[in-house]
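In the working numbering, the protein residues as written are 86 to 293.
All remarks here apply to the structure that follows.
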Amino acid sequence: MTTVFIVSAPSGSGKSTLVSRLLARDPKIMFSVSYTTRAPRGAEVQGGNYHYISRELFEEMVAGGEFLEWAEVFGNCYGTHRSVLERARAEGKDLILDIDVQGARQLMERLPEAVSVFVLAPSRAVLEQRLRARSEDSEPVIRRRLQEAAEEIRNYRMYDYVLVNDHLDRAVELLAAIVSAERLRRNRVEAQVQSILATFEVSVPAKD
Ligand code: ADP
Ligand code: 5GP
């Protein structure tokens, strides 16, 4: 059984860092590689961080209904291909998506059982520090990201969990704890419970 985890956060909150640390320690979770019309940044690689495609091709894929969700963020398009969920299900893995608030809203409608996590930096000052420390953006871009963060944060109530990324190690533990707890939901452990019940020669119908 596959649980879908949606992670959103204002840029610079540490969402990519948290997700990559989780992926490194949990082989049972698969990262959803999105399609985007933006160009690769820094050390990013085609097919690793994103599938980088032209706007023309992106629009064709939208028209063909190929995306589970898509959105325009910072002037570029980003979308989650339907096949990622099929692949995670076929491989018996959970799926984690790093998507923005607009995409999260679409996905929550389509997959109401998806588990959503909103990541927050502990304050605006810390967010600003992290954006500067990442040294990926120019001064005007940093200012725009901070303004957009204030807008995005207003949406935190849409999410099941809110994770404050203060100390990185602790935040990674908390994200892993969310994943572990969700894996203990009754519908996920039903088969295991049935086999335990069988040892007691107790039979309970699958649905109560
Ligand atoms: P996002 O994916 O949310 O845009 P990143 O993962 O790129 O953010 O993190 C932004 C910057 O903050 C990076 O330089 C990252 O190393 C740093 N960072 C992430 N989490 C923490 C943390 N808990 N404490 C200090 N720095 C952090
Ligand atoms: P970046 O360009 O910094 O990698 O990502 C910019 C924003 O786009 C981030 O908020 C990220 O979560 C979001 N994003 C990445 N992939 C997708 C996607 O497939 N769908 C949506 N809706 N947002 C995405």
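Even for Gly, the Cβ is constructed at its ideal location relative to N, Cα and C.
Worksheet item: When every heavy atom of the ligand 5GP is checked, does at least one fall within less than 8 Å of the C-beta of residue 159?
Response: Yes, Cβ of residue 159 sits closer than 8 Å to a heavy atom of the ligand 5GP.
Practice prompt. Name the residue from 86, 95 and 90 whose alpha carbon lies nearest to the alpha carbon of residue 208.
Written response: When each option's Cα is compared against that of residue 208, the closest is 95.
Worksheet item: Across which residues does DSSP place residue 166 in a beta bridge pair?
Response: Checking the DSSP bridge columns, you'll see residue 166 partnered with 152.
Worksheet item: Touching or not, the stretch 181–193 and the stretch 138–146, by the rule of three or more beta carbon pairs under 8 Å?
Response: Per the Cβ contact rule, the stretch 181–193 is not in contact with the stretch 138–146 (fewer than 3 Cβ pairs under 8 Å).
Practice prompt. Note down, in chain order, each residue of its chain lying with its Cβ closer than 8 Å to the Cβ of residue 114, except the 5 sequence neighbours on either side.
Written response: Only 90, 107, 108, 178, 179, 180, 181 and 264 meet the Cβ criterion.
Discussion item. For residue 264, report the span of its alpha helix (DSSP H) as first-last.
Written reply: Looking at the DSSP string, the run of the alpha helix (DSSP H) that includes residue 264 is 253–268.
Practice prompt. Mind checking which residues open and close the beta strand (DSSP E) that includes residue 181?
Written response: It spans 179–183 - the beta strand (DSSP E) in which residue 181 sits, taken as one unbroken run.
Discussion item. In whole angstroms, give me the CA-to-CA distance for residue 160 and residue 222.
Written reply: In a straight line, the C-alpha of residue 160 is about 15 Å away from that of residue 222.
Practice prompt. Please confirm whether any heavy atom of the ligand 5GP lies closer than 8 Å to the CB of residue 100.
Written response: Of the heavy atoms belonging to the ligand 5GP, at least one sits nearer than 8 Å to the Cβ of residue 100.
Item to complete: Could you work out which residue in 138, 116 and 204 is closest to residue 253 when comparing CA atoms only?
Response: Minimum Cα-Cα distance from residue 253 among the listed residues 138, 116 and 204 corresponds to 204.
Worksheet entry | Straight-line Cα distance separating residue 174 from residue 168 | In this structure, the straight-line span from the alpha carbon of residue 168 to that of residue 174 is close to 10 Å.
Discussion item. What does DSSP give as the partner residue(s) for residue 248 in the beta ladder?
Written reply: Partner(s): 204.
Fill in: First through last residue of the beta strand (DSSP E) which encompasses residue 93
Where residue 93 is concerned, the enclosing beta strand (DSSP E) stretches over 89–93.
Worksheet item: Since residue 120 contacts residue 164 with CB under 8 Å, what's their CB separation in whole angstroms?
Response: Between residue 120 and residue 164 the beta-carbon gap is near 5 Å, inside 8 Å, which marks them as a contact.
Item to complete: Starting from residue 158, follow its DSSP beta bridges and name the residues at the other end.
Response: BP columns for residue 158 point to 161.
Practice prompt. Assuming residue 267 and residue 87 form a contact by the criterion Cβ under 8 Å, report the distance between their Cβ atoms to the nearest whole angstrom.
Written response: Not confirmed; about 11 Å, so no contact.
Worksheet entry | residue 101, DSSP secondary structure in three states | Three-state DSSP puts residue 101 in a helix.
Practice prompt. Please confirm whether any heavy atom of the ligand ADP lies closer than 8 Å to the CB of residue 250.
Written response: Yes, the Cβ of residue 250 comes within 8 Å of a heavy atom of the ligand ADP.
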